[in-house]
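Here the numbering used here is used: the first residue of the sequence shown is 1047, the next is one more, and so on.
Ideal placement from N, C-alpha and C gives every residue a C-beta, glycine not left out.
What follows is a set of notes on a single structure, which appears directly below.
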Amino acid sequence: MNVSQMLEGKAAVVTGGTRGIGFAIVEKFLDAGAKVALFGSRQETVDNALEKIKAKMPDADVMGLCPALGNYDEVEKAVQAVKDKFGKVDILVNNAGISARESLYEYKPEDFEKIMTLNVNAVFNCSKAAAPIMKEQGGGSVINMSSMVSIYGQPAGCGYPASKFAVNGLTKSLARELGKDQIRVNAVLPGVTRTDMVAALPEEMVQRISSTIPLGRVGEPEEVANAVLFLASDLASYITGATLSVDGATQV
Ligand code: NAD
């Protein structure tokens, strides 16, 4: 199958689609023939992302919204708006996420809650809003953005790995629950990936991290997007409940 046909006729929602890995997924999906709705946190960043896409792909069928992902009512309205515009929702990528690195001694309870709200509650909210639509259509594909820290934990910022362990739990459980409705649910676990966050690190530090990775470098957003594209497509028709690492075999 040609990549440009992998998602032909499909409609997708990508949360956190304004930059980084999410933006790479949006571009990849559009290249593969999908209609895409990207969800971002602010209208301004959503508009910027849409402008960037339109400059590169003037014919792209793309829309942008910014529901508060922690609020179920807002999410339900936004997902319904996507269905109203595209006529369907076949793919949901729960990508939006934030991290923190504070030690437990410094960690503010409200920051722990903030991480959980975006990284976990939003996955629940978006999945709950999209699943009935997918069920009615005869199936769909949900891809949750987890992380390699969901295997290893990390030595500070416990909220982030805790949230990604929860994402894996939602993935495994929803795969079992929604299989009967032909809705596949999988997770992708990136290692260190060159988004704005990594680009802001001193090159010397990126080199040091790279030297500990068997493939000798950090990942690129497009490499994570390739894995998401595969799981979203019919090529992965018998894959559900999987946690797919895209980390160059990083061992922490
Ligand atoms: P990023 O900071 O570059 O982008 C995050 C995206 O989430 C942005 O589009 C932003 O608009 C969105 N977002 C942030 N807060 C939001 C909110 N309150 N409501 C809606 N959207 C919001 O991050 P990234 O590196 O591209 O990460 C994307 C996903 O990949 C995250 O789930 C992250 O945990 C995961 N991940 C990233 C790495 C990495 O090294 N970059 C590694 C493992 C996992």
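Problem set entry | Length at least 4, wholly inside the stretch 1082-1107: the alpha helix (DSSP H) runs in chain order | For the stretch 1082-1107, whole alpha helix (DSSP H) runs of length 4 or above, ordered along the chain, are 1089-1102.
For this session: Return yes when at least one heavy atom of ligand 1 lies under 7 Å from the C-beta of Phe1085, else no.
Result: The count along the sequence shown starts at 1 and reaches residue 1085 at position 39. Yes, the beta carbon of Phe1085 sits closer than 7 Å to at least one heavy atom of ligand 1.
For this session: Return the bridge partner residues of Ala1057 from the DSSP annotation.
Result: As a working mapping, residue 1057 is identified with position 11 in the sequence shown. Note: Ala1057 sits in a beta bridge opposite Lys1081.
For this session: Measure the CB-CB distance between Ile1161 and Ala1058 and report whether it falls below 8 Å.
Result: Stepping through the sequence shown from its first residue, residue 1161 is reached at position 115. Stepping through the sequence shown from its first residue, residue 1058 is reached at position 12. No, the pair does not count as a contact, with Cβ atoms beyond the cut-off.
Problem set entry | Presumed contact (8 Å Cβ cut-off) between Ala1175 and Glu1122, rounded CB distance | Translated into positions along the sequence shown, residue 1175 becomes position 129. Translated into positions along the sequence shown, residue 1122 becomes position 76. Contact holds; Cβ gap of about 4 Å.
Problem set entry | Integer-rounded CB distance, given that Gly1116 should sit under 8 Å from Asn1167 | As a first step, residue 1167 is located in the sequence shown; it is residue number 121 there, counting from the start. As a first step, residue 1116 is located in the sequence shown; it is residue number 70 there, counting from the start. Gly1116 and Asn1167 do touch by the CB rule: their CB atoms are close to 5 Å apart, below 8 Å.
For this session: Taking only the alpha-carbon atoms, compute the straight-line gap between Asp1204 and Arg1147 and give it to the nearest angstrom.
Result: The sequence position of residue 1204 within the sequence shown is 158, counting from 1. The sequence position of residue 1147 within the sequence shown is 101, counting from 1. A small fix is needed here, since residue 1204 is Cys in this sequence, not Asp. If you take the alpha carbons of Cys1204 and Arg1147, they lie about 8 Å apart.
For this session: Tell me Pro1236's beta-bridge partners as DSSP assigns them.
Result: If you number the sequence shown from 1, residue 1236 lands on position 190. The partner list for Pro1236 (beta bridge, DSSP) reads Val1292.
Exercise. In three-state terms, what does DSSP make of Ile1285?
Worked result: Counted from its first residue, the sequence shown places residue 1285 at position 239. Three-state DSSP puts Ile1285 in coil, outside helix and strand.
For this session: Return the CA-CA distance between Ala1288 and Glu1250, expressed in angstroms with no decimal places.
Result: Position 242 of the sequence shown, counting from 1, holds the residue named residue 1288. Position 204 of the sequence shown, counting from 1, holds the residue named residue 1250. The alpha-carbon atoms of Ala1288 and Glu1250 are separated by roughly 34 Å.
Problem set entry | Cβ of Ser1256 within 8 Å of any chain D Cβ | In summary, chain D is missing from the structure at hand, where a single protein chain is found.
For this session: For Thr1163, I'd like the list of residues in its chain whose CB is within less than 6 Å of its CB, leaving aside the five on either flank, ordered along the chain.
Result: Start at 1 with the first residue of the sequence shown, and residue 1163 comes out as number 117. Only Gly1116 meet the Cβ criterion.
Exercise. On the three-pair Cβ rule with 8 Å, is the stretch 1194-1211 touching the stretch 1248-1264?
Worked result: no
For this session: With DSSP as the reference, label Gly1265 as helix, strand or coil.
Result: The residue given as residue 1265 occupies position 219 in the sequence shown. Strand.
Exercise. So which of Gly1265, Ser1279, Val1082 has the shortest CA-CA distance to Asn1232?
Worked result: Translated into positions along the sequence shown, residue 1232 becomes position 186. The shortest C-alpha separation from Asn1232 is found at Ser1279.
For this session: Would you check if the distance between the CB atom of Val1188 and the CB atom of Asn1140 is smaller than 8 Å?
Result: Position 142 of the sequence shown, counted from the start, is the residue given in the question as residue 1188. Position 94 of the sequence shown, counted from the start, is the residue given in the question as residue 1140. Cβ atoms of Val1188 and Asn1140: closer than 8 Å.
Problem set entry | Neighbourhood of Lys1218 by C-beta, 7 Å cutoff - its chain only, sequence neighbours within 5 removed | As a first step, residue 1218 must be located in the sequence shown, where it is residue number 172. Excluding positions up to five away in sequence, the list reads Gly1287.
Exercise. When DSSP builds the beta bridges, which residues end up paired with Met1109?
Worked result: The residue labelled residue 1109 in the question sits at position 63 within the sequence shown. Ala1083.
Exercise. If you count every other CB in all the chains shown that lies within 10 Å of the CB of Leu1261, and 16 or more means buried, which is it?
Worked result: Locating residue 1261 in the sequence shown gives position 215, where the first residue counts as 1. Around the beta carbon of Leu1261, fewer than 16 other beta carbons sit within 10 angstroms, so the residue counts as exposed.
Exercise. Taking 7 Å as the line, does the beta carbon of Gly1225 fall inside it for any heavy atom of ligand 1?
Worked result: On the sequence shown, position 179 is the one that residue 1225 refers to. Outside the cutoff, so no.
For this session: Report the option in Ala1124, Pro1104, Met1103, Ala1106 whose CA atom is closest to the CA atom of Pro1113.
Result: In the sequence shown, residue 1113 corresponds to position 67, counting from 1. Among Ala1124, Pro1104, Met1103, Ala1106, the Cα nearest to that of Pro1113 is on Ala1124.
Exercise. For Asn1094, which residues from the same chain have a beta carbon less than 8 Å from its beta carbon, with the 5 sequence-adjacent residues on both sides left out?
Worked result: As a first step, residue 1094 is located in the sequence shown; it is residue number 48 there, counting from the start. Cβ neighbours of Asn1094 beyond the five flanking positions: Thr1064.
Exercise. Quick one: does the C-beta of Val1244 sit closer than 7 Å to a heavy atom of ligand 1?
Worked result: Translated into the one-based positions of the sequence shown, residue 1244 becomes position 198. Yes, the Cβ of Val1244 comes within 7 Å of a heavy atom of ligand 1.
Exercise. In terms of residue numbering, what span does the beta strand (DSSP E) encompassing Ile1189 cover?
Worked result: Indexing the sequence shown from 1 puts residue 1189 at position 143. Element bounds for Ile1189: 1186-1191.
For this session: Going by DSSP, name the residue or residues bridged to Asn1140.
Result: The residue labelled residue 1140 in the question sits at position 94 within the sequence shown. Bridge partners of Asn1140: Asn1190.
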